[in-house]
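Numbering (the numbering used here), first residue to last: 1 to 183.
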């Protein structure tokens, strides 16, 4: 709604200076339609639920039988990790899981442009999420080395460079700026 990011319940702290969750703005249109905690919880639930179809498609990509792929998807979607992430009412990290899951699907199916876009969106949901991209970048470089694919190595290297630059910008520039704004 264009309101300040300073939170009265947090004691006048700017939430972008406390946890850099700029990715929450990707979900703003849902709050424009209906502003309330039910909408926030619904958007969070949909993001978490998006992981199951991505797991299913990744398993199918690797030729797993449909029933086994479905079992994996359900196990992932109902896993302790995802349930724990959502246990605390609403948490900013939950809003990015759908982007991560579909980014991994894009990565595994060699849709590296889509993977980059989805991983980039994922990294906006909390200041430390970019660290996952270091691991995925290393995996891309490793696979590129094994298969002699320059394209995967280039993407993996770019993801890792992005993470380092993004981490420094968020933690040394953006968050201190918003922290000062909230005082």
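The beta carbon of each residue, even a glycine, is placed where N, CA and C say it ideally should be.
- A direct Cα-to-Cα measurement between residue 16 and residue 40 gives close to 17 Å.
- By the criterion of a C-beta distance shorter than 6 Å, residue 170 is surrounded in its chain by 20 and 127, once the five residues flanking it on both sides are discounted.
- Between the C-alpha atoms of residue 13 and residue 168 there is a straight-line separation of about 21 Å.
- With respect to residue 27, residue 43 sits close: the two C-beta atoms are nearer than 8 Å.
- Residue 58: member of the alpha helix (DSSP H) spanning 51–61, first to last residue.
- When C-alpha distances from residue 76 are compared across 181, 62 and 98, the shortest belongs to 98.
- By the C-beta density criterion, residue 62 is exposed, having fewer than 16 other C-beta atoms within 10 angstroms.
- Apart from the 5 residues on each side of it in sequence, residue 46 sits with its Cβ closer than 8 Å to the Cβ of 98 in its chain, given in chain order.
- If you look at residue 117, you'll find it in the alpha helix (DSSP H) that goes 112–122.
- Contact between residue 82 and residue 48 holds, since their C-beta atoms are separated by about 5 Å, short of 8 Å.
- Collapsing the DSSP output to three states places residue 79 in coil.
- Residue pairing for residue 7: DSSP places it in a beta bridge opposite 13.
- Three or more Cβ pairs drawn from the region 110–126 and the region 137–155 lie within less than 8 Å of each other, which places the two stretches in contact.
- In this structure, residue 51 sits near residue 101, with a CB-CB distance shorter than 8 Å.
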